[in-house]
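Colleague: This structure is in structure tokens; I'll ask about it shortly.
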Amino acid sequence: MDNTIQSNVENLFAPLRTTFSSPRPDGSIVLSLLDETETNVYSRVLSAEQLNNTESFAQSLEEIRLELAVRSGSIPAEMRKALKEQDSVLSYHIS
Numbered sequence: 658m659d660n661t662i663q664s665n666v667e668n669l670f671a672p673l674r675t676t677f678s679s680p681r682p683d684g685s686i687v688l689s690l691l692d693e694t695e696t697n698v699y700s701r702v703l704s705a706e707q708l709n710n711t712e713s714f715a716q717s718l719e720e721i722r723l724e725l726a727v728r729s730g731s732i733p734a735e736m737r738k739a740l741k742e743q744d745s746v747l748s749y750h751i752s
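Residue numbers (the working numbering): 658 to 752.
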């Protein structure tokens with residue numbers, strides 16, 4: 658992982674510490690987030706495609722941030738409203 662990218666990702670998830678595994682045989686890596694006690698609080702496999710495509714990589718990081726926000730209950734009010742509105746309209750298909 659490029660040091661500049663790694664530094665940017667670390668800043669994105671601060672105060673959690675970010676670690677990247679060595680590349681796996683398929684080219685993917687494991688992104689892990691550790692708390693102050695070095696406990697793994699989150700891990701996700703990022704595919705080689707996600708790592709090699711800037712937009713896909715950025716989208717993956719944003720998904721992780723959103724998931725962490727939802728888990729911690731600190732999701733912004735406007736996002737909460739949008740999610741509630743999405744949940745209230747369910748589409749059913751009758752066969």
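Glycine included, C-beta positions come from ideal geometry on N, C-alpha and C.
1) Let me know the secondary structure DSSP gives S717 once reduced to three states.
2) Pick helix, strand or coil for Y749, following the three-state DSSP scheme.
3) Under 8 Å, do I686 and L708 count as touching if we go by C-beta distance?
4) Compare the Cα-Cα distances from S679 to each of A705, E693, S664, E724 and report the closest residue.
5) With distances taken from CA atoms, which of R722, T675, V702, R674 is nearest D683?
Modeller: So, from the data block:
1) In the sequence shown, counting from the first residue as 1, residue 717 sits at position 60. The answer is helix: DSSP assigns S717 an H, G or I state.
2) As a first step, residue 749 must be located in the sequence shown, where it is residue number 92. Unreliable placement is indicated for Y749, whose pLDDT of 49 sits below 50; no coordinate value is reported for it.
3) Counting from 1 along the sequence shown, the entry for residue 686 is found at position 29. Counting from 1 along the sequence shown, the entry for residue 708 is found at position 51. The answer is yes: Cβ separation under 8 Å.
4) As a position in the sequence shown, residue 679 is number 22, starting the count at 1. Taking only the C-alpha atoms, the option nearest S679 is A705.
5) Stepping through the sequence shown from its first residue, residue 683 is reached at position 26. Nearest option by C-alpha distance: V702.
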